[in-house]
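Engineer: Residue numbers (the numbering used here): 1303 to 1638. Yeah, the Cβ is synthetic: ideal placement off N, Cα and C, and Gly gets one too. Just so you know, these numbers come straight off a predicted model, no measurement behind them.
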Amino acid sequence: MHRVAVLLILITTVILVSTAIVFLVFRPMQSNAEPIIFQVKLGRSSRLIAEDLARKNLIRTPLAFSLLTRFTGTSRDLKAGTYRLSGAMSSLQIFYCLRDGKTIIREFVVSEGTTLNEIAQIYEQSGFGSADQFQQVAQDPSWQIKYDIESDFLEGYLFPDTYYFRDGVSAKTVVQTMLKRLNQKWTDEMTKAADAVGMSRHKIITLASIIEMEAALDKERTVISGVFHNRLRLGWKLDADPTVIYGLGDLGRLLTKSDLKRDTPYNTYLYRGLPPGPICNPGESCILAALYPDNIPYFFFVAIGDGRHHFSKSLQEHQKMIRKIKRENRERGFRR
């Protein structure tokens, strides 16, 4: 009789413990709870993480969660980062989420024509890390060797695109992903096309970056490219305003005539040929425009408004158009 009583007690205990485990580990706090953002800081212990979860009403008791991490041997394996969790998730689901590092995936959008400095700011604004961290990683000379870059830094080689990274992604991973994307986009056919116009990949990307900053309309990209190719072929200066702006830094104002005389390696009003490197990170369409320019008789162009340009064959025609534009601007009360 005594043995039967003990057996019944043991069975009852097992049932109660099993029920408690199911309740604490497998049952969510509330089935209709809204998701919340939960942050796990680097180096935080599983015990403190469990307390944080309980404080946010994501789990019922820190003890059960701590025991779960201990019994599975993963108390030190919970990943730092930002998570989207909910009281509608069970403790076990939350545990798997933290153990596997299923952090929030953030969109990282880099537009065509963005500079390296601007990408560093986007990295910081996205909450991944500081702009200084990004700049420091981008200055690592090993990138040039690994990705065959003919430049002292990565301007032009960080391919603009929409990327998706998990929260807490390192600057190194972002830089590497963007460099790989450019290599994926650059084909053997593009190398042949670059050879056909007598340019290296670096020169094509440099020219593409200038086209990117000059062309506002898709249909004008190959025309502007044709103008630059014509001028390069004759050994003329490119006279491209965006190169001057890049060399002087972010002016925050319109260029002046005195700016065009200021000496920087990027001033294409002073120096013939292409500048030493890209002035932004061009998109695929501008790279293709640099590779496949229109066969045109133009050597000059000037902006006429709405993103459009007027293209001229001669300096005389070009200057005539500039005078016309200035006259029309004065009539509209616009001063430059």
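Helix, strand or coil: which one does DSSP assign to I1323?
Structural biologist: Taking the sequence shown and counting its residues from 1, the one referred to as residue 1323 is at position 21. Since pLDDT at I1323 reaches only 45, below the 50 mark, its modelled position is unreliable, and the value read off the structure follows with that caveat. DSSP places I1323 in helix when its eight states are reduced to three.
Engineer: Please check the pair P1580 and T1508, which I expect to be a contact at CB under 8 Å, by giving their CB distance rounded to whole angstroms.
Structural biologist: Your numbering for residue 1580 matches position 278 in the sequence shown. Your numbering for residue 1508 matches position 206 in the sequence shown. Yes, P1580 and T1508 are in contact; Cβ-Cβ is about 5 Å, under 8 Å.
Engineer: Could you give the distance in angstroms between the alpha-carbon of V1342 and the alpha-carbon of S1453?
Structural biologist: Translated into positions along the sequence shown, residue 1342 becomes position 40. Translated into positions along the sequence shown, residue 1453 becomes position 151. Approximately 39 Å, taken between the alpha carbons.
Engineer: Pick helix, strand or coil for Y1425, following the three-state DSSP scheme.
Structural biologist: For the purposes of this step, residue 1425 is identified with residue 123 of the sequence shown, where counting begins at 1. In this structure, Y1425 counts as helix in the three-state DSSP scheme.
Engineer: For the pair the segment 1338-1353 and the segment 1378-1387, tell me if three or more CB-CB distances fall below 8 Å.
Structural biologist: Output reads yes: the segment 1378-1387 touches the segment 1338-1353.
Engineer: Suppose only complete runs of 3+ residues qualify. What are the beta strand (DSSP E) ranges in the segment 1329-1397, listed by chain order?
Structural biologist: Runs of the beta strand (DSSP E) inside the segment 1329-1397: 1338-1342, 1383-1387.
Engineer: Measuring alpha carbon to alpha carbon, tell me which residue in K1628, T1376, S1614 is nearest G1607.
Structural biologist: Residue numbering aside, residue 1607 sits at position 305 when the sequence shown is read from its first letter. Minimum Cα distance to G1607 is reached at K1628.
Engineer: Less than 7 Å separating the beta-carbons of N1569 and V1604?
Structural biologist: If you number the sequence shown from 1, residue 1569 lands on position 267. If you number the sequence shown from 1, residue 1604 lands on position 302. For N1569 and V1604, no; Cβs fall outside 7 Å.
Engineer: Does DSSP put I1406 in a helix, in a strand, or in coil?
Structural biologist: For the purposes of this step, residue 1406 is taken as the residue at position 104 of the sequence shown. Coil.
Engineer: What alpha helix (DSSP H) runs, 4 residues minimum, are completely inside the segment 1435-1517?
Structural biologist: Qualifying alpha helix (DSSP H) stretches, in chain order: 1444-1448, 1473-1487, 1490-1498, 1503-1516.
Engineer: Is DSSP giving I1589 helix, strand or coil here?
Structural biologist: Locating residue 1589 in the sequence shown gives position 287, counting from the first residue. If DSSP states are grouped into helix, strand and coil, I1589 belongs with the helices.
Engineer: Could you compute how far the alpha carbon of T1489 sits from the alpha carbon of G1585?
Structural biologist: Residue mapping note: residue 1489 aligns to position 187 of the sequence shown, counting from 1. Residue mapping note: residue 1585 aligns to position 283 of the sequence shown, counting from 1. In a straight line, the C-alpha of T1489 is about 15 Å away from that of G1585.
Engineer: Quick one: Cα of A1433 to Cα of A1473, how far?
Structural biologist: Translated into positions along the sequence shown, residue 1433 becomes position 131. Translated into positions along the sequence shown, residue 1473 becomes position 171. Going from the Cα of A1433 to the Cα of A1473 covers about 9 Å.
Engineer: Quick one: using the 10 Å Cβ neighbour count with 16 as the cut-off for buried, is K1563 buried or exposed?
Structural biologist: On the sequence shown, position 261 is the one that residue 1563 refers to. Its Cβ having fewer than 16 others within 10 Å, K1563 is exposed.
Engineer: In angstroms, rounded to a whole number, what distance separates the CA positions of G1537 and G1575?
Structural biologist: Against the sequence shown, residue 1537 aligns to sequence position 235. Against the sequence shown, residue 1575 aligns to sequence position 273. Going from the Cα of G1537 to the Cα of G1575 covers about 7 Å.
Engineer: Excluding sequence positions up to five away, which residues of its chain have a Cβ less than 8 Å from the Cβ of S1587?
Structural biologist: Mapped onto the sequence shown, residue 1587 falls at position 285. Cβ neighbours of S1587 beyond the five flanking positions: E1414, D1520, R1523.
Engineer: Give me the Cα-Cα distance between T1558 and S1527, rounded to the nearest whole angstrom.
Structural biologist: Working through the sequence shown from its first residue, we reach residue 1558 at position 256. Working through the sequence shown from its first residue, we reach residue 1527 at position 225. If I take the Cα positions, the gap works out to 25 Å.
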